[in-house]
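If you read the protein sequences in the order shown, they are chains P and R.
Just so we're aligned: 669 in my numbering is position 246 of the first sequence, and the numbers increase by one with no gaps anywhere.
Just so we're aligned: 729 in my numbering is position 306 of the second sequence, and the numbers increase by one with no gaps anywhere.
Heads up: the structure comes next, in structure tokens.
Number of protein chains: 2
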Amino acid sequence: MASISEVARLAGVSTATVSRALSGNGNVSPATRTKVERAVAELDYVVSSTASGLASGRTRNVGVVIPFVNRWYFGQVLEGAQAALRQSGYDLTLYNLSGGADTRQSLFEDFLLRRRVDAVLTICLKLRPHEISTLLGLGKPLVAVGGPLPGVPTLSIDDVEVARLATEHLLALGHTRIALIGENPEAEHEFSLSGDRLRGYQSALADAGLAPNPELFHRADYTIQGGYVAAKQLLGNPRQRPTAIFAASDEMAIGAILAARDLGLAVPHDVSVIGVDDHELAAFFGLSTVAQFPRDQGWRAASMILDDLAEGDDRGRDQDVRMPYELVVRASTARPSTL
Amino acid sequence: MASISEVARLAGVSTATVSRALSGNGNVSPATRTKVERAVAELDYVVSSTASGLASGRTRNVGVVIPFVNRWYFGQVLEGAQAALRQSGYDLTLYNLSGGADTRQSLFEDFLLRRRVDAVLTICLKLRPHEISTLLGLGKPLVAVGGPLPGVPTLSIDDVEVARLATEHLLALGHTRIALIGENPEAEHEFSLSGDRLRGYQSALADAGLAPNPELFHRADYTIQGGYVAAKQLLGNPRQRPTAIFAASDEMAIGAILAARDLGLAVPHDVSVIGVDDHELAAFFGLSTVAQFPRDQGWRAASMILDDLAEGDDRGRDQDVRMPYELVVRASTARPSTL
DNA sequence: CTGAAAGCGCTAACAT
DNA sequence: ATGTTAGCGCTTTCAG
């Protein structure tokens, strides 16, 4: 492990110059820069992140806090963020909340306070006020994907409009008995959609002159299994059977498709199904959906952080940004069959 | 951000004593320890990981290198490892290879050399010799999950035996036309199973006096979609239709179940299907499988690393360890229907 | 454009 | 059991 002084000696310059040549801060003549680079290559020198971090106060590392890693959406956001960070030479340290309450507490009272990270990115977290103030108190850039997080620049899709779009697609096809598989309120403690998709669905129905029907609303936990169970209830109802189901995530929508199949109902002939996400399995199941692009969301969020870090001062205070979404019509939605 | 000297002043002791009281290294009287703890609480002091890391040479951080994050197995290993590390106060920095060749190169030539981590854990990586020597050259504990990685302590299941067990289950039920959906050779560059499951399958067949039949072997990429395509080929074959399929992963097995359904074949009446993993969806699909426990694998691997780090010297050189697996029989396997 | 030197905040001998 | 002190390997004024 060569140190900067060995590089300096070999290059015949001072350690300060090596530091400048390597970091790009300050001016170095092309000639010395070359000498330094040669010495670096010769010795396989790599800066010590701890020493550099201590001296400069910058770690070149960002913390990412995520509810759990094993859900397609989160994984995509994570990959996108990692890609952007890596490109700028930043490391990513991962804080995963799946461990429960004391995981969470130690995170906010200890791990995040160690100055190991220059900034933090939260993904779909519903943080409590004191947790937000802890993070803000770090004095470091903080960006959230999938808010809202009051006081924090947030990157998200407009969930109300997404749900409205999905519902309107169904309405335009002629459906009137449209069921919703919505989020499980338990989940709200972990991460948030805050009922926006429910609101979008309801307002689209209202605009079409349809009254919301509680029998056409079930909650599930964002998994295929959860969607399956909810859809069975919905589709098994002897009087109120919906002709279409809008599920608040593709995984639940896939569960609904499987439930329909098991009941002998054909999709979309007997029931249309639409989801949200454009999950990696959506195309496979011919699922119509409102696509979002979580990988881009992660990339973009990380880029905002990187910009903040580069600017240094508080210019360019980040604003909330709305990310794109898009209706993708596949084989799971059609006009209702005239009975 | 209080510093150690403020804590020392408030507690009326030296910084060295504070350091000792907090780290547990060295002796501190109960009385002073209490004073220190009070001062720490009062000032909300948290040690600076960079300063501590520079002074001690230990970062309390381990690097985890993973092919990609969005696959159930990897996510589970990651969560297990994270849980073990967190419990010991360690951070986890994630290096994800999904970015392609230059991601990989920068990882081994730069990121991992910055002394940001005390140890590295690799998950299902097929590393090239020079990459292994880079890692070994770090002089830090190195443990792999899912090898083999020559020269590196590895934690894995016995893939040959796992495959043999699955195949024998099918044989014992009376099947003789047993197909295999195996790994895609392309994938071998990213991560490794190295054909062990193929070998286990073949040797179980051989022991039963059955010759391997190339028409009963297809490769896929570990996804549901891949398994679906492969199974369609297998099950559509007009002369050689297998009565059972062993898929080298549950995701491919689920694809096979869906393919059978789409062909109008009943599982298990017309075709039995078995996988490997006990994926979160396996129970939902009634899939028989050879379960493995990736979360435990991650936990155990992290624990080995933590032990290495605690011991300091090279005693207790880690050995390869075999992790448990278990046949789980559900609804997707049965005797072949007497035609 | 470059060098000297003073830290960054902590740990680990070494004393006592 | 506790204090003193010398670094850990860099970055960053400040001079020149």
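Note that CB positions come from ideal geometry on N, CA and C, so glycine has one too.
Buried versus exposed call for residue i [16 or more other C-beta atoms within 10 Å across all chains shown]
{"i": "HIS692 of chain P", "result": "exposed"}
{"i": "GLU611 of chain P", "result": "Residue placement at GLU611 of chain P is flagged as unreliable, the pLDDT there being 47, under the threshold of 50; a coordinate-derived value is accordingly withheld."}
{"i": "VAL441 of chain P", "result": "buried"}
{"i": "ASP525 of chain P", "result": "exposed"}
{"i": "ASN519 of chain R", "result": "buried"}
Reference residue i, options the options, closest by Cα
{"i": "ASP700 of chain P", "options": "P:GLY618, P:LEU658, P:ILE580", "result": "P:ILE580"}
{"i": "HIS702 of chain R", "options": "P:PRO661, P:ASP685, P:ILE647, P:ASP741", "result": "P:ILE647"}
{"i": "ASP730 of chain R", "options": "R:PHE497, R:LEU508, R:THR526", "result": "R:LEU508"}
{"i": "THR473 of chain P", "options": "R:ALA464, R:ASN484, R:GLU465, R:VAL469", "result": "R:ASN484"}
{"i": "ASN493 of chain P", "options": "R:LEU544, R:LEU704, R:LEU750, R:LYS549", "result": "R:LEU704"}
{"i": "GLN528 of chain R", "options": "R:THR516, R:ASP541, R:VAL540, R:THR557", "result": "R:THR557"}
{"i": "LEU368 of chain R", "options": "R:LEU657, R:LEU594, R:ALA504", "result": "What is shown of chain R runs 424 to 762, which leaves residue 368 of chain R out entirely."}
{"i": "LEU593 of chain P", "options": "P:LEU658, P:PRO661, P:GLU606, P:THR666", "result": "P:THR666"}
{"i": "MET675 of chain P", "options": "P:SER471, P:ARG538, P:TYR651, P:TYR518", "result": "P:TYR651"}
{"i": "LYS549 of chain P", "options": "P:PHE708, P:ALA671, P:GLY618, P:VAL585", "result": "P:GLY618"}
{"i": "ALA586 of chain R", "options": "R:ALA754, R:THR761, R:TYR748, R:ARG753", "result": "R:TYR748"}
{"i": "ARG539 of chain R", "options": "R:GLY721, R:GLN663, R:GLU502, R:THR482", "result": "R:THR482"}
{"i": "SER475 of chain P", "options": "R:ARG537, R:SER446, R:GLY597, R:PHE491", "result": "R:ARG537"}
{"i": "LEU535 of chain P", "options": "P:SER479, P:ARG723, P:VAL487, P:SER452", "result": "P:VAL487"}
{"i": "GLU584 of chain P", "options": "P:ALA434, P:PRO573, P:ALA671, P:SER471", "result": "P:ALA671"}
{"i": "ASP743 of chain R", "options": "R:THR761, R:GLN720, R:ARG456, R:TYR645", "result": "R:GLN720"}
{"i": "LEU732 of chain R", "options": "R:ALA757, R:SER471, R:GLY512, R:PHE531", "result": "R:GLY512"}
Rounded separation between residue i and residue j - CA only
{"i": "ILE489 of chain P", "j": "CYS547 of chain P", "result": "7 angstroms"}
{"i": "GLY569 of chain R", "j": "THR577 of chain R", "result": "7 angstroms"}
{"i": "LEU565 of chain R", "j": "LEU477 of chain R", "result": "21 angstroms"}
{"i": "PRO759 of chain R", "j": "ALA643 of chain R", "result": "25 angstroms"}
{"i": "ARG600 of chain P", "j": "LEU633 of chain P", "result": "9 angstroms"}
{"i": "ARG684 of chain R", "j": "VAL690 of chain R", "result": "8 angstroms"}
{"i": "SER437 of chain R", "j": "ASP514 of chain R", "result": "28 angstroms"}
{"i": "ARG432 of chain R", "j": "LEU561 of chain P", "result": "23 angstroms"}
{"i": "PRO571 of chain P", "j": "ILE604 of chain P", "result": "22 angstroms"}
{"i": "LYS458 of chain R", "j": "ASN450 of chain R", "result": "14 angstroms"}
{"i": "SER695 of chain R", "j": "PRO608 of chain R", "result": "25 angstroms"}
{"i": "GLU638 of chain R", "j": "ASN660 of chain R", "result": "9 angstroms"}
{"i": "ALA439 of chain P", "j": "TYR496 of chain R", "result": "47 angstroms"}
{"i": "GLY649 of chain R", "j": "ALA706 of chain P", "result": "13 angstroms"}
{"i": "LEU657 of chain R", "j": "ALA602 of chain R", "result": "7 angstroms"}
{"i": "VAL575 of chain P", "j": "ALA725 of chain P", "result": "14 angstroms"}
{"i": "ARG622 of chain R", "j": "LEU686 of chain P", "result": "40 angstroms"}
{"i": "ARG443 of chain R", "j": "VAL500 of chain R", "result": "34 angstroms"}
{"i": "PHE491 of chain R", "j": "GLU502 of chain P", "result": "8 angstroms"}
{"i": "ASP533 of chain P", "j": "LEU596 of chain R", "result": "55 angstroms"}
Contacts around residue i, its chain only, beta-carbon distance under 8 angstroms, and the 5 residues preceding and following it disregarded
{"i": "PRO635 of chain P", "result": "GLN625, LEU628, ALA629"}
Helix, strand or coil at residue i according to DSSP, with G and I counted as helix
{"i": "LEU710 of chain R", "result": "coil"}
{"i": "HIS598 of chain P", "result": "coil"}
{"i": "VAL441 of chain R", "result": "helix"}
{"i": "TYR651 of chain P", "result": "helix"}
{"i": "HIS612 of chain R", "result": "Legend: pLDDT at HIS612 of chain R = 45, less than 50; position of this residue unreliable, value from coordinates given subsequently. Here HIS612 of chain R sits in helix by DSSP."}
{"i": "GLN625 of chain P", "result": "helix"}
{"i": "TYR645 of chain P", "result": "coil"}
{"i": "ALA724 of chain P", "result": "helix"}
{"i": "ALA671 of chain P", "result": "coil"}
{"i": "LEU731 of chain R", "result": "First, the residue type needs correcting, since residue 731 of chain R is Asp and not Leu in the sequence shown. Helix, per DSSP."}
{"i": "VAL436 of chain P", "result": "coil"}
{"i": "ALA551 of chain R", "result": "Before going on, a small fix: residue 551 of chain R reads as Arg here, not Ala. Correct three-state label for ARG551 of chain R: coil."}
{"i": "ILE580 of chain P", "result": "coil"}
Cutoff 6 angstroms; reference residue i; Cβ partners in own chain excluding five residues on either side
{"i": "MET727 of chain P", "result": "VAL566, ASP741"}
{"i": "ALA418 of chain R", "result": "Only positions 424 to 762 of chain R appear in this structure, which leaves residue 418 of chain R out of reach."}
{"i": "ARG745 of chain R", "result": "ASP581"}
{"i": "LEU681 of chain P", "result": "TYR651"}
{"i": "PHE708 of chain R", "result": "ILE677, ILE680"}
{"i": "HIS598 of chain R", "result": "THR666, ALA667, PRO759"}
{"i": "PHE716 of chain P", "result": "none"}
{"i": "SER755 of chain P", "result": "VAL690, PRO691, VAL696, GLY709, LEU710, SER711"}
{"i": "PHE640 of chain R", "result": "LEU603"}
Same chain, Cβ closer than 7 angstroms to residue i, five either side skipped, listed in chain order
{"i": "ALA425 of chain P", "result": "LEU466, ASP467, TYR468"}
{"i": "ALA654 of chain P", "result": "ILE604, ILE668, GLY678, ALA679, ALA682, ALA683"}
{"i": "SER428 of chain P", "result": "THR438"}
{"i": "ALA631 of chain P", "result": "LEU594"}
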